[in-house]
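A.B. asks: The opening residue of the sequence shown carries number 253 in the working numbering; numbering runs sequentially from there. We treat Cβ as the ideally placed atom computed from N, Cα and C, and that holds for glycine.
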Amino acid sequence: MAETDFTREVPEDLDEETLFVVSQTFKALGDPTRIRILHLLFQNEYAVNQIAETLHLRQSTVSHQLRFLKNLRLVKNRRDGTTLYYSHDDEHVMNLLKQTIDHAYHC
Numbered sequence: 253m254a255e256t257d258f259t260r261e262v263p264e265d266l267d268e269e270t271l272f273v274v275s276q277t278f279k280a281l282g283d284p285t286r287i288r289i290l291h292l293l294f295q296n297e298y299a300v301n302q303i304a305e306t307l308h309l310r311q312s313t314v315s316h317q318l319r320f321l322k323n324l325r326l327v328k329n330r331r332d333g334t335t336l337y338y339s340h341d342d343e344h345v346m347n348l349l350k351q352t353i354d355h356a357y358h359c
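This is the structure we're talking about:
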């Protein structure tokens, strides 16, 4: 049987840090609010108040979720004056999210 790209790139045993990051990433993608935020940020960058307004969420909810996503390095921000603008920060996870959304539409 031919060796796949996956088996060549991934070591046999996953270390604890890798397991933790992977589980936290799936935890992030397991929350509907975070999925909505990531999906929005896949399209463009937004300030917290713009995200809240677009998704009909409270700013405190958006800020909390963005903090979680930023800690996982799934989103990043840039400052313009007093405003922070957020955008996605991981093409791998965004591709996984897009493929999963495409799969849901396909079902």
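Return the Cβ separation of Tyr337 and Glu297 in integer angstroms, given the expectation that the two are a contact with Cβ distance under 8 Å.
C.D. replies: So it is a contact: roughly 5 Å between Cβ atoms.
A.B. asks: Quick check: the Cα distance between Glu264 and Asp341, rounded to an integer number of angstroms?
C.D. replies: Rounded to whole angstroms, Glu264 to Asp341 spans 28 Å at the Cα level.
A.B. asks: Could you tell me which of Val274, Gln276 and Phe294 sits nearest to Gln351, measuring between CA atoms?
C.D. replies: Nearest option by C-alpha distance: Phe294.
A.B. asks: Shortest alpha-carbon distance to Asn323 belongs to which of Leu266, Phe272, Glu268 and Asp267?
C.D. replies: Per the Cα distances, Phe272.
A.B. asks: Kindly indicate which three-state DSSP category Arg310 falls into: helix, strand or coil?
C.D. replies: Of the three classes helix, strand and coil, the one that applies to Arg310 here is coil, per DSSP.
A.B. asks: When burial is assigned at 16 or more other CB atoms within 10 Å of the CB, is Leu266 buried or exposed?
C.D. replies: Answer is exposed; the Cβ neighbour count stays below 16.
A.B. asks: Report the three-state DSSP secondary structure of Val331 (helix, strand or coil).
C.D. replies: In the sequence as presented, Val is not what sits at residue 331; that position holds Arg. In the structure shown, Arg331 sits in a strand (DSSP, three-state: E or B).
A.B. asks: Measuring straight from C-alpha to C-alpha, what distance separates Glu343 and His316?
C.D. replies: Taking the straight line joining both Cα atoms gives about 22 Å.
A.B. asks: Taking only three categories from DSSP, how would you classify Leu326?
C.D. replies: Of the three classes helix, strand and coil, the one that applies to Leu326 here is coil, per DSSP.
A.B. asks: Taking DSSP as the reference, what is the three-state secondary structure of Leu214?
C.D. replies: What is shown of the chain runs 253 to 359, which leaves residue 214 out entirely.
A.B. asks: Considering only residues of the same chain and omitting the five flanking positions on each side of Asn301, which have a CB-CB separation below 7 Å?
C.D. replies: Excluding residues within five positions, the ones whose Cβ falls inside 7 Å are Gln311.
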